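Trainee: Take this structure first; my questions come after.
In this note's numbering, the protein residues as written are 269 to 710.
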């Protein structure tokens with residue numbers, strides 16, 4: 269096993285997309301970087317559907333050729349059975365002016381391994397099966413203790429630390445930074461099927477998101493012939509029965525959603541059932557002296573528009589840029605890290621407000637799940653959040669005017685869908701390649 273560099277420029281904790289992209293970018297910029305990953309890749313992970321807006325980041329770290337060559341399905345867009353429009357409707361990445369006509373549906377174990385190998389090939393020092401057991405941030409440099417699978421312990425003193433430990437949230441949990449989102453306090457229960465019916469014609473590689481009374485399902489085709497199928501439901505109502513009877517609960521939810529039940533009628537469940545609960549959150553701070561949070565270690569939001577890998581990739585790139593500015597002496601740490609948080613938190617909060625609006629568009633008003641997620645009946649906790657949401661929707665700041673504002677925006681969305689131009693729906697700018705390009709080029 270290779271010896272760890274004890275005093276690198278940066279230690280990155282976690283080898284998922286955020287950590288791998290941060291490490292690759294830092295190595296490209298000439299910095300010594302060590303990645304500590306607690307598992308041995310390939311390892312299982314959920315979150316298979318990508319956005320075309322992520323591709324400029326993958327291009328920048330020179331990972332795209334490997335991803336193209338691997339054989340993942342090309343995803344031309346998404347299809348929804350959702351909202352006030354009863355029939356399924358679709359959006360297409362080709363609607364993005366100057367963008368990319370497709371993204372990918374990936375097997376994350378393979379995709380993440382490609383990114384981690386890409387980091388190593390660019391010069392990052394990657395150590396798998398190294399669990400970070402202790403971090404001290406009170407000295408002049410971060411102090412990081414890592415235990416290897418063989419039982420050895422190593423102490424590292426990097427100049428900077430990037431926590432990309434995913435939902436483990438090494439620093440976020442230790443420092444009490446994590447804040448769960450009550451509006452999206454959901455549970456995901458999911459599995460994999462073989463022989464599932466694909467969407468017809470040119471939709472066959474789309475992700476399908478289908479709402480039903482108890483929440484919504486994702487339906488993602490993968491290049492290995494399986495279909496990833498997961499239900500997002502209310503955590504308070506479902507967590508006890510899901511924990512005690514996972515497969516029975518999952519099959520009950522499938523049966524309750526016609527869009528899933530019909531397509532899975534002749535399919536075989538070929539995996540165990542997995543559960544993730546309370547999985548929408550952010551952190552009170554994304555940085556402190558000597559450290560940054562990136563990807564799921566900082567924040568995560570409901571996956572209805574497949575934003576998870578995109579936000580993690582964006583965080584990896586932006587955190588590396590901020591760290592490099594400090595290491596090179598181009599900016600004080602406070603300035604570079606504050607600008608990182610402003611850029612990354614700003615992107616996260618724009619997606620959060622857009623998804624809040626999108627949830628509000630569902631018509632199952634008699635359902636407990638959707639009643640609890642109606643914007644006008646569930647105002648954000650703080651005045652700042654209210655103002656930000658209303659500004660997004662109307663350019664104003666009057667919460668009392670929101671019902672009329674929401675109705676206008678829902679009408680705009682409905683008109684875009686009816687016209688077959690879902691790319692014109694309110695908030696579609698967030699999904700466009702040029703939005704990412706502005707962030708990574710600024």
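The beta-carbon is built from N, C-alpha and C at its ideal position, and this holds for glycine as well.
Bear in mind that the values here come from a model prediction, so they are computed numbers and not experimental data.
(1) Output the distance between the C-alpha atoms of residue 635 and residue 625, rounded to the nearest integer angstrom.
(2) Among all the DSSP beta bridges, which residues are the ones paired with residue 502?
(3) For a test of the three-state rule: what should DSSP assign to residue 338, helix, strand or coil?
(4) Identify whether residue 708 lies in helix, strand or coil by the three-state DSSP scheme.
(5) From residue 241 to residue 683, what does the alpha carbon distance come to, in whole angstroms?
(6) Is the beta carbon of residue 434 closer than 8 angstroms to that of residue 563?
(7) Given 8 angstroms as the limit, is there contact between the segment 316–331 and the segment 498–505, that is, 3 or more CB pairs closer than that?
(8) Rounded to a whole number of angstroms, what is the C-alpha to C-alpha distance between residue 654 and residue 469?
(9) Within the continuous alpha helix (DSSP H) that includes residue 620, where are the two ends?
(10) Using 10 angstroms around the beta-carbon of residue 608, count the other beta-carbons present and answer buried if the total reaches 16, otherwise exposed.
(11) Where does residue 319 fall in DSSP's three states?
(12) Quick check for students: name the residue ranges of the beta strand (DSSP E) that lie wholly in the segment 423–485, counting only runs of 3 or more.
(13) Considering only C-alpha positions, which residue in the set 335, 478, 534 is nearest to residue 521?
(14) To the nearest whole angstrom, what separates the beta carbons of residue 461 and residue 536, a pair I think is in contact under 8 angstroms?
(15) Let's test the definition: count the other Cβ atoms within 10 Å of the Cβ of residue 700 and tell me whether it reaches 16, buried, or not, exposed.
(16) Extract the residue ranges of the alpha helix (DSSP H) inside the segment 351–428, only unbroken runs of 4 or more that lie entirely within it.
(17) Taking Cβ to Cβ, would you say residue 424 is nearer than 8 angstroms to residue 278?
(18) Does the count of Cβ pairs from the segment 575–585 and the segment 603–618 closer than 8 angstroms reach three?
(19) Looking at the strands, I want to know which residues DSSP matches up with residue 520.
(20) For the beta strand (DSSP E) that contains residue 592, what are its first and last residues?
(21) Relative to the alpha-carbon of residue 592, which residue among 338, 396, 428 has its alpha-carbon at the smallest distance?
(22) Helix, strand or coil: which one does DSSP assign to residue 312?
(23) According to DSSP, simplified to helix, strand and coil, what is residue 526?
(24) Got a sec? Which residues, its chain only, sit under 7 angstroms from residue 300 by beta carbon, not counting five neighbours each side?
(25) With DSSP run on the structure shown, which of helix, strand or coil describes residue 548?
(26) According to DSSP, residue 496 sits in a beta bridge with which residue or residues?
(27) In whole angstroms, what is the alpha-carbon distance linking residue 589 and residue 392?
(28) I want to know whether the segment 386–404 touches the segment 301–312 - three or more CB-CB distances under 8 angstroms.
(29) If we ignore side chains and look at the alpha-carbon of each, how far apart do residue 680 and residue 576 end up?
(30) Would you please state the rounded distance, in angstroms, between the beta carbons of residue 325 and residue 708? I believe it to be under 8 angstroms.
(31) Per DSSP, what kind of secondary structure is residue 543 in: helix, strand or coil?
(32) With DSSP as the reference, please indicate the residues paired to residue 346 in a beta bridge.
(33) Report all residues from its chain with a CB closer than 7 angstroms to the CB of residue 399; omit the five preceding and five following residues, and keep chain order.
(34) Would you mind working out which of 485, 367, 457, 357 sits nearest residue 323, comparing C-alpha positions?
(35) Can you tell me whether residue 447 is buried or exposed, with buried defined as 16 or more other CB within 10 angstroms of its CB?
(36) On a CA-only basis, which of 703, 343, 350 is nearest residue 248? Give me that one, please.
Mentor: In short, the structure shows the following:
(1) Rounded to whole angstroms, the separation of the alpha carbons of residue 625 and residue 635 is 17 angstroms.
(2) Per DSSP, the beta bridge partners of residue 502 are 454.
(3) Three-state result, residue 338: helix.
(4) Secondary structure of residue 708 (DSSP, three-state): helix.
(5) Here the chain has residues from 269 to 710 only, and residue 241 is not among them.
(6) Yes, they are a contact pair.
(7) Contact fails: fewer than three Cβ-Cβ distances are below 8 angstroms.
(8) Low per-residue confidence applies at residue 654: pLDDT is 48, beneath 50, and the placement is therefore not dependable, though the value from the model is reported in the following sentence. Each residue's Cα considered, the two are about 42 angstroms apart.
(9) 601–628 is the extent of the alpha helix (DSSP H) around residue 620.
(10) Result: buried.
(11) Here residue 319 sits in coil by DSSP.
(12) Taken in chain order, the whole beta strand (DSSP E) runs of length 3 or more contained in the segment 423–485 are 428–431, 446–448, 454–462, 475–480.
(13) It is 478 whose Cα lies nearest to the Cα of residue 521.
(14) The beta-carbon distance between residue 461 and residue 536, rounded to whole angstroms, is 6 angstroms. This is short enough to meet the 8 angstroms contact definition.
(15) It is buried - the Cβ of residue 700 has at least 16 other Cβ atoms within 10 Å.
(16) The alpha helix (DSSP H) runs of length 4 or more contained entirely in the segment 351–428 are, from start to end of the chain, 376–389.
(17) The Cβ-Cβ distance between residue 424 and residue 278 does not fall below 8 angstroms.
(18) Segments in contact, yes.
(19) For residue 520, which the question treats as bridged, DSSP gives no partner whatsoever.
(20) First-last for residue 592: 576–595, but that is the alpha helix (DSSP H), not the beta strand (DSSP E).
(21) Among 338, 396, 428, the Cα nearest to that of residue 592 belongs to 428.
(22) Correct three-state label for residue 312: coil.
(23) When secondary structure is reduced to three states using DSSP, residue 526 falls in the helix class.
(24) Closer than 7 angstroms at the Cβ level, and outside the excluded window around residue 300, lie 273, 276, 277.
(25) Reduced to three states, the DSSP call for residue 548 is coil.
(26) Here residue 496 is bridged, per DSSP, to 460, 488.
(27) Rounded to whole angstroms, the separation of the alpha carbons of residue 392 and residue 589 is 15 angstroms.
(28) Yes, since at least three Cβ pairs between the segment 386–404 and the segment 301–312 fall closer than 8 angstroms, the two stretches touch.
(29) About 26 angstroms.
(30) Cβ atoms of residue 325 and residue 708 come within 8 angstroms of each other, at about 6 angstroms.
(31) Here residue 543 sits in strand by DSSP.
(32) Partner(s): 359, 475.
(33) Within the same chain, residue 399 has close Cβ partners 306, 414, 415.
(34) Looking at the Cα atoms, 367 is the closest of the given residues.
(35) Its Cβ having fewer than 16 others within 10 Å, residue 447 is exposed.
(36) A query on residue 248 cannot be resolved here, the shown segment of the chain reaching from 269 to 710 and no further.
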